[in-house]
Amino acid sequence: MTRTAERRLHKANEYLKEAELLYGEKIGNLPVLANLYHAMMNCLFALFDIENIGNLTHADVIEKFKSEFVQTGIFDKKFTGALDSAFHITHECNCDHMKPPEDKDINKLLPLVREFVHAVTTYLKKKKS
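See the structure below:
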């Protein structure tokens, strides 16, 4: 595993831990969701060994993940649903009329993000061998 991938996975785990802490303290679901989203994105950056995203967008990276890792069967499609859901909520305007994520949304997403971080870490460790 490259140093970039290791750093990205470390960041993913930090975002996941922060999301769990914020959720446990009932700080608010939007910051929890943002941290879960960033945990997933850092996993993608680790998979593609991206240190600096440059001109790519998050949508570009997500689409590349779908075509190279999901359509090929390396990762389960359930992870793309989690990514898409978090992407759409975090990239909407931060308007007053926007409904914040509910506990049920976080309760559905949190175990998927935990599983995704673990799956990506396992994949990259096996790939290294």
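In our numbering, each number is its position in the sequence shown, counted from 1, plus 19. From the three backbone atoms N, C-alpha and C, an ideal C-beta is built for every residue, glycine too. Remember, predicted model here, so these are calculated numbers, not experimental data.
Q.
How far does the alpha helix (DSSP H) with Phe98 in it extend, from its first residue to its last?
A. Lys97 to Thr109
**Q.** Asn48, buried or exposed, once every other Cβ within 10 Å from all chains shown has been counted against 16
**A.** buried
Does the separation of the CB atoms of Asn32 and Leu41 fall below 8 Å?
-> It is not a contact, given that the beta carbons lie outside the stated cut-off.
7 Å CB neighbourhood of Pro50 in its chain, flanking five on each side removed:
Contacts found: Leu41.
Contact set for Val89: own chain, Cβ-Cβ below 8 Å, skip 5 residues either direction:
Non-local beta-carbon contacts of Val89 in its own chain, meaning distances under 8 Å to residues more than five positions away in sequence, involve Asp95, Lys96, Phe98 and Thr99 in chain order.
Query raised in the report: Which word fits Ile93, buried or exposed, when buried means at least 16 other C-beta atoms lie within 10 angstroms of its C-beta?
Result: By the 10 Å Cβ count, Ile93 comes out exposed.
Please list the terminal residues of the continuous alpha helix (DSSP H) segment that includes Met20. Premise fails: Met20 is in no alpha helix (DSSP H) and is neither H nor E.
- Should Met20 and Lys123 be called a contact, given that it needs their Cβ atoms to be closer than 8 Å? no
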